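Going by the numbering used here, the residue at position 147 of the sequence shown is 147; the numbering climbs one at a time, nothing skipped.
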Amino acid sequence: MPSQQPQISDLPAITTYLTGHNHTGKAIVEETRPANWTVYDNEEMAFNVAYTTSQFPANLNGNTDIKTHDKVTSSGKLGLVNPNGTVCRTVDFAPGFECMMHRTQSLDYGIVIAGEIELVLDSGERQLMKPGDIAVQRATMHSWKNPSESMWARMTFVLQDCEKLVVGGEVLGEDHGRGTEGLPMSGN
Numbered sequence: 001m002p003s004q005q006p007q008i009s010d011l012p013a014i015t016t017y018l019t020g021h022n023h024t025g026k027a028i029v030e031e032t033r034p035a036n037w038t039v040y041d042n043e044e045m046a047f048n049v050a051y052t053t054s055q056f057p058a059n060l061n062g063n064t065d066i067k068t069h070d071k072v073t074s075s076g077k078l079g080l081v082n083p084n085g086t087v088c089r090t091v092d093f094a095p096g097f098e099c100m101m102h103r104t105q106s107l108d109y110g111i112v113i114a115g116e117i118e119l120v121l122d123s124g125e126r127q128l129m130k131p132g133d134i135a136v137q138r139a140t141m142h143s144w145k146n147p148s149e150s151m152w153a154r155m156t157f158v159l160q161d162c163e164k165l166v167v168g169g170e171v172l173g174e175d176h177g178r179g180t181e182g183l184p185m186s187g188n
């Protein structure tokens, strides 16, 4: 079962800055939010959900998007993907850790922020990624491995809901794999 706790890695702390407008229409930083980590796999992987949207295009009027984000994240029902929306999530990986082989029904942009990460595909293919590299993950069965024996690695992901993927007449749906007990299925 995942647990909420402070950051477990030695990487820099994360803060999310939500912008908005003052009464004259000028841009302001409306809110500052420290990271809220959920820990998995014996404290070898941690998630921080920076933001979600629940419709496209997003509705920013009257802070509808912020209210909806807060409702989604406090519900305890957010899976890896938010149906009809997006999820911006940072993931920290312990040295030597490889997360579960999994598939999300989504189009994801995964950006390496710190350290190195290996993208591992179910075909056996591996791709080493360095800071600044981006994986466009298109509903494939994959895992992420931190090849370092001593340094934590960090990636930021933007997951976008997608149409059901059909390959060879078979629908390839969401599959969380091991180690995510307590993480709800996305239901998309």
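Backbone N, C-alpha and C fix where the C-beta goes; we use that ideal spot for every residue, glycine too.
Just so you know, these numbers come straight off a predicted model, no measurement behind them.
The beta carbon of residue 131 lies closer than 7 Å to those of 112, 113, 114 in the same chain, with the five residues before and after it left out.
Going by DSSP, residue 65 is part of the alpha helix (DSSP H) stretching over 64 to 74. The Cβ atoms of residue 105 and residue 139 sit closer than 7 Å to each other. For residue 112, the enclosing beta strand (DSSP E) covers residues 106 to 114. Selection 122, 80, 39 evaluated against residue 93 yields 39 as nearest (Cα-Cα). Excluding residues up to 5 positions away in sequence, 72 lie with their Cβ nearer than 6 Å to the Cβ of residue 78 in the same chain. Here residue 117 is buried. Its C-beta has 16 or more other C-beta atoms within 10 Å. In this structure residue 126 is exposed. Its beta-carbon is surrounded by fewer than 16 other beta-carbon atoms within 10 angstroms. Within the same chain, Cβ atoms closer than 7 Å to the Cβ of residue 5 are found at 37, 39, the five residues on either side in sequence being excluded. When rounded, the separation of the alpha-carbon atoms in residue 9 and residue 31 is 25 Å. Every unbroken stretch of the beta strand (DSSP E) spanning 3 or more residues and falling wholly within the region 127 to 183 is given here in chain order: 134 to 138, 142 to 145, 153 to 161.
A distance of 7 Å or more separates the beta carbons of residue 137 and residue 173. In this structure, residue 150 and residue 100 do not form a Cβ contact; the two beta carbons are roughly 23 Å apart against a cut-off of 8 Å.
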